[in-house]
Amino acid sequence: RLLLIGPPGGGKGTQAKFLVDHFSIPQISTGDMLRENVHNKTLLGKETQKFMKAGKLVPDSVILDMMKNRFSENDCAKGYILDGFPRTIPQAEGLDQLLSHMNQKLDCVVVMDVPDNLIITRLSSRRSCKGCGQVYNLIFEPPGVAGKCNECNEDLYLREDDNPVTIKQRLTVYHEQTAPVINYYSNQGIAKVIDANGSIDEIKTEVLTNIIP
Ligand code: AP5
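This is how it looks when you write it as structure tokens:
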């Protein structure tokens, strides 16, 4: 049971995909779950869209209810990779309560350390596939054909919150509300920091050989 924590654009989703393949356990991304709800125009999506668009956090109670339901699904039985949750101290405390009810605990918290100046570049050049959700980067990991997904040939799009103004807001929120969560897990002795400033492959190797027990 792993948790990836780091700034927006820190590479959590990118590395989570490798871990999914390596351990055959699901990636649980609260951001992806919320975007799916927005796309499907569910009540949850309508309630949360304004926070996401503004680069602000969705209220803790909404996230914790969503995660309680997610943990009850069968695919979580063998483990999971948490990506983007918890993001506040109340969420971390809520997660501890959920885990204790399930008789579980986290094995490792991987802290992805990336300087803010790199984040704007990475996120402004990120593109995601409308069809399968595959993530690209116009500078660091471009698709084979401009604007098209290598996997399913669908169009690529720029996320609504990946504009410079909203990226700055997300970074502020990260430093104010999410960075303290790192201390929370350091105090539990399960946080491991990785310099996530290298290439995607270098970080993958580092995580799989030196970080994950
Ligand atoms: P969410 O979707 O979780 O966004 P985020 O945390 O801001 O993270 P990102 O998905 O933007 O980045 P990432 O770290 O996964 O980076 P990636 O691997 O894609 O949340 C969105 C919103 O939902 C929030 O703002 C909030 O409103 C709401 N929300 C979600 N969870 C919530 C919660 N728990 N509580 C409250 N609200 C919540 O990489 C980025 C780019 O860089 C890609 O193009 C990639 O190809 C490239 N890249 C990755 N690694 C490297 C590398 N090493 N070198 C070069 N390029 C790289």
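Sequence positions in the sequence shown follow our numbering and run 209 to 421.
Ideal Cβ placement from N, Cα and C applies to all residues, glycine included.
All values reported here derive from a predicted model rather than from experimental measurement.
Can you give me the C-alpha to C-alpha distance between residue i and residue j, rounded to a whole angstrom?
i, j, result
"Tyr382", "Val353", "34 Å"
"Gln257", "Asp273", "17 Å"
"Val322", "Gly406", "9 Å"
"Ser308", "Lys400", "22 Å"
"Ile213", "Gly263", "17 Å"
"Val389", "Lys376", "20 Å"
"Val318", "Pro216", "15 Å"
"Cys284", "Glu349", "30 Å"
"Ile297", "Gln385", "8 Å"
"Ile347", "Ile327", "13 Å"
"Tyr392", "Thr250", "33 Å"
"Asn345", "Pro351", "8 Å"
Hey, would you say the C-beta of residue i is under 7 Å away from at least one heavy atom of the ligand AP5?
i, result
"Arg378", "yes"
"Leu272", "no"
"Tyr393", "no"
"Tyr344", "yes"
"Ala404", "yes"
"Met310", "no"
"Gly263", "yes"
"Lys220", "yes"
"Lys259", "According to the sequence shown, residue 259 is Phe rather than Lys. Yes - the ligand AP5 has a heavy atom lying nearer than 7 Å to the Cβ of Phe259."
"Gln305", "no"
"Pro351", "no"
"Ile420", "no"
So which of the options has the shortest CA-CA distance to residue i?
i, options, result
"Cys340", "Asn361, Asn325, Ser332, Gln223", "Asn361"
"Met241", "Asn325, Phe293, Asp324", "Phe293"
"Ser333", "Thr413, Gly253, Ser280, Pro372", "Pro372"
"Leu211", "Glu414, Ile289, Asp304, Ile419", "Ile289"
"Asn282", "Ile271, Ile297, Leu366, Met310", "Met310"
"Ser336", "Ser237, Asp304, Leu364", "Leu364"
"Leu437", "Asp403, Leu331, Ile398, Ile271", "The structure shown has nothing for residue 437, since the chain only spans 209 to 421."
"Thr413", "Ala300, Phe226, Lys286, Gly397", "Phe226"
"Ala404", "Glu359, Leu379, Gln342, Asp324", "Asp324"
According to DSSP, simplified to helix, strand and coil, what is residue i?
i, result
"Arg334", "strand"
"Tyr365", "strand"
"Lys254", "helix"
"Ala399", "strand"
"Lys356", "strand"
"Asp240", "helix"
"Ile420", "coil"
"Glu281", "coil"
"Gln385", "helix"
"Gln312", "coil"
Over what stretch of residues does the alpha helix (DSSP H) that includes residue i continue unbroken?
i, result
"Val317", "First-last for Val317: 316 to 321, but that is the beta strand (DSSP E), not the alpha helix (DSSP H)."
"Leu265", "That residue, Leu265, is in no alpha helix (DSSP H); it is neither H nor E in DSSP."
"Gln305", "297 to 309"
"Asp229", "220 to 231"
"Asp291", "It is not in any alpha helix (DSSP H) - Asp291 instead sits in the beta strand (DSSP E) that spans 289 to 291."
"Pro351", "First-last for Pro351: undefined, no H or E at that position."
"Asp370", "No alpha helix (DSSP H) holds Asp370; DSSP gives it neither H nor E."
"Lys412", "408 to 414"
Kindly indicate the opening and closing residues of the beta strand (DSSP E) around residue i.
i, result
"Asn345", "343 to 345"
From the beta carbon of residue i, is the nearest beta carbon of chain C less than 8 Å away?
i, result
"Gln312", "Among the chains of the structure shown, chain C does not appear; only one protein chain is present."
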